[in-house]
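Participant: In the working numbering, the protein residues as written are 13 to 358. Here a beta-carbon is modelled for each residue, glycine too, at the ideal position from N, C-alpha and C.
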DNA sequence: AAAGCGGGGCT
DNA sequence: AGCCCAGCTTT
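#1: Could you check which residue in 307, 303, 318, 293 has the C-alpha nearest to that of residue 328?
#2: Measuring straight from C-alpha to C-alpha, what distance separates residue 204 and residue 358?
#3: Going by alpha carbons, who is nearest to residue 122 out of 162, 157, 38, 149?
#4: Inspect the CB distances between the stretch 313-327 and the stretch 235-245 and report whether three or more fall short of 8 Å.
#5: For residue 99 and residue 302, what's the separation of their Cα atoms in angstroms?
#6: Take every Cβ of the stretch 206-216, pair it with every Cβ of the stretch 136-149, and state whether three or more of those distances are shorter than 8 Å.
#7: Bridge partners for residue 326 per DSSP, in chain order?
#8: Do residue 352 and residue 243 have their beta-carbon atoms positioned less than 9 Å apart in this structure?
#9: Below 8 Å on the Cβ atoms is my guess for residue 140 versus residue 115; work out the distance and round it to an integer in Å.
#10: Consult DSSP for residue 177 and reduce its assignment to one of helix, strand or coil.
#11: Give the straight-line distance between the Cα atoms of residue 312 and residue 215, rounded to the nearest whole angstrom.
#12: Can you give, in chain order, each stretch of the alpha helix (DSSP H) that sits fully within the stretch 176-205 and has at least 4 residues?
#13: Between the Cα of residue 185 and those of 355, 354, 19, 356, spot the shortest distance and give me the residue it belongs to.
#14: What's the C-alpha gap between residue 65 and residue 51?
#15: Which whole-angstrom value describes the C-beta separation of residue 334 and residue 245, a residue pair presumed to lie in contact below a C-beta threshold of 8 Å?
#16: Count the C-beta pairs between the stretch 149-161 and the stretch 191-199 that are closer than 8 Å, then say yes if the count reaches three, no if not.
#17: Report the rounded CA-to-CA distance for residue 354 versus residue 340, giving the unit in angstroms.
#18: Which of the three DSSP states, helix, strand or coil, is assigned to residue 241?
#19: In chain order, what residues of the same chain lie with their CB nearer than 6 Å to the CB of residue 83, ignoring the 5 residues before and after it?
#20: What residues in its chain sit with their C-beta under 8 Å from that of residue 271, if we drop five residues either side in the sequence?
#21: Are residue 42 and residue 112 closer than 9 Å when you measure CB to CB?
#22: Where does residue 269 fall in DSSP's three states?
#23: On the three-state DSSP scale, how would you describe residue 263?
#24: Roughly how many angstroms separate the alpha carbons of residue 230 and residue 125, rounded to a whole number?
#25: From residue 274 to residue 86, what distance separates their C-alpha atoms?
#26: Mind checking residue 298: buried by the 16 CB within 10 Å criterion, or exposed?
#27: My parser needs the alpha helix (DSSP H) runs of 4 or more residues fully inside the stretch 275-300; what are they?
#28: If you compare alpha carbons, which of 58, 172, 63, 264 is closest to residue 128?
#29: Would you mind giving the Cβ-Cβ distance between residue 364 and residue 158, rounded to the nearest angstrom? I have them listed as a contact below 8 Å.
#30: How would you write the range of the beta strand (DSSP E) that residue 311 sits in, first residue to last?
#31: Using the C-alpha atoms, what's the distance from residue 60 back to residue 48?
#32: Nearest-angstrom Cα distance between residue 132 and residue 320?
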């Protein structure tokens, strides 16, 4: 088919040189695909290099502690990817004797591997004819074929998967999959795509109907909610502070942070005084406290805007489980906390 | 079917 | 301020 030939030819000329394109080792391809989920190449690249260097084989990754994996993942976001990565590595080592799954169906059994990632690994490493559908593929196909089905709907997912599967080059599924993604990433971009130099000018429906900006169609996501975070930065005279591990459901699971007090609104100094005084670490204690940032620090996540204040509390001693402040960088922390640690003079 | 999950970059 | 990114899991 002409679409195929044009696309793969475009790719042969325009593909970027990237480290995971130098290998077909499924462990490395898997690492790169997990890192690149919802993440641009530029942001993921240094993490890929770090993981390959720190964990050269799936055995190295499996035998590490989850805390080490999270630390290396720090700053990349969507931390369930790191936890699932570690879980899957142990599954490969313990259940599959270190032998990586070599087909779409078995790849799907790995935690954190869904339809896209299983298709990517199966095609790239094992030449299986499984079409990938990522954000790039949605965009390219919706524009080229003029499809209005919302890409983030169940109907859209099925429709675009079926279309991609129909189009995939059976002779070279790996090249086709990477070509269509690369084309979406570097030429058929969300904003200001390079239509002027596009090889699909004649046949692209969106271009010829002047609908490039209208496609793809996407259902709007809910607006981010505002939350108010007050972090208590304890400091003892012997150079210790308190970090707590985030447990349970929400954001930053298994990462560390300072003791947190969430409030209904932004607390002024006069309002937080009593709240601090009721903290369990301060029962019958003598301490002084001060406001670190007068203006709230707004940390923006996809679904939440965190309006944050840090409060520094000085006191003589802290409990046994307090940590030395010169060891604080050993812990995996969210970027919000990491930024504070870098700016605060411990 | 919908919600929840990060952080960076671009317009 | 809004949208997007080599998506997946849970509800």
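Facilitator: Reading off the structure:
#1: Cα-wise, what sits closest to residue 328 is 293.
#2: Whole-angstrom Cα-Cα distance: 45 Å.
#3: If you compare the alpha carbons of 162, 157, 38, 149 with that of residue 122, the shortest gap goes to 38.
#4: Under the three-pair Cβ rule at 8 Å, the stretch 313-327 counts as touching the stretch 235-245.
#5: Going from the Cα of residue 99 to the Cα of residue 302 covers about 42 Å.
#6: With a cut-off of 8 Å, the stretch 136-149 and the stretch 206-216 do not count as touching, because too few Cβ pairs lie within range.
#7: DSSP lists 247, 300 as partners of residue 326.
#8: The beta carbons of residue 243 and residue 352 sit closer together than 9 Å.
#9: That belief holds up - the Cβ atoms of residue 140 and residue 115 are roughly 6 Å apart, short of 8 Å.
#10: Helix.
#11: Residue 312 and residue 215 have their alpha carbons spaced roughly 40 Å apart.
#12: Entirely contained in the stretch 176-205, the alpha helix (DSSP H) runs reaching 4 residues are, in chain order, 185-198.
#13: Out of 355, 354, 19, 356, 19 has the C-alpha closest to the C-alpha of residue 185.
#14: Those two C-alpha atoms are separated by around 20 Å.
#15: With a Cβ gap of about 12 Å, residue 334 and residue 245 do not count as contacting.
#16: Yes, since at least three Cβ pairs between the stretch 149-161 and the stretch 191-199 fall closer than 8 Å, the two stretches touch.
#17: In this structure, the alpha-carbon of residue 354 lies about 10 Å from that of residue 340.
#18: Look at residue 241 here: in three-state DSSP terms it is strand.
#19: Excluding the 5 residues flanking it on each side, residue 83 has same chain C-beta neighbours closer than 6 Å at 344, in chain order.
#20: Excluding positions up to five away in sequence, the list reads 243, 244, 246, 254, 256, 291, 293.
#21: Yes; because the gap between Cβ atoms is below 9 Å, this pair is in contact.
#22: The answer is strand: DSSP assigns residue 269 an E or B state.
#23: Residue 263 falls in the coil class under three-state DSSP.
#24: Cα to Cα, the separation comes out at about 24 Å.
#25: If you draw a straight line from the Cα of residue 274 to the Cα of residue 86, it comes to about 23 Å.
#26: Residue 298 comes out exposed.
#27: Complete alpha helix (DSSP H) runs here, min 4: 281-289.
#28: It is 172 whose Cα lies nearest to the Cα of residue 128.
#29: Because the chain in this structure spans residues 13 to 358, residue 364 falls outside the shown range and cannot be described.
#30: Counting along the chain, the beta strand (DSSP E) containing residue 311 begins and ends at 309-312.
#31: Straight across, the Cα-Cα distance linking residue 48 with residue 60 is about 9 Å.
#32: Approximately 39 Å between the Cα atoms of the pair.
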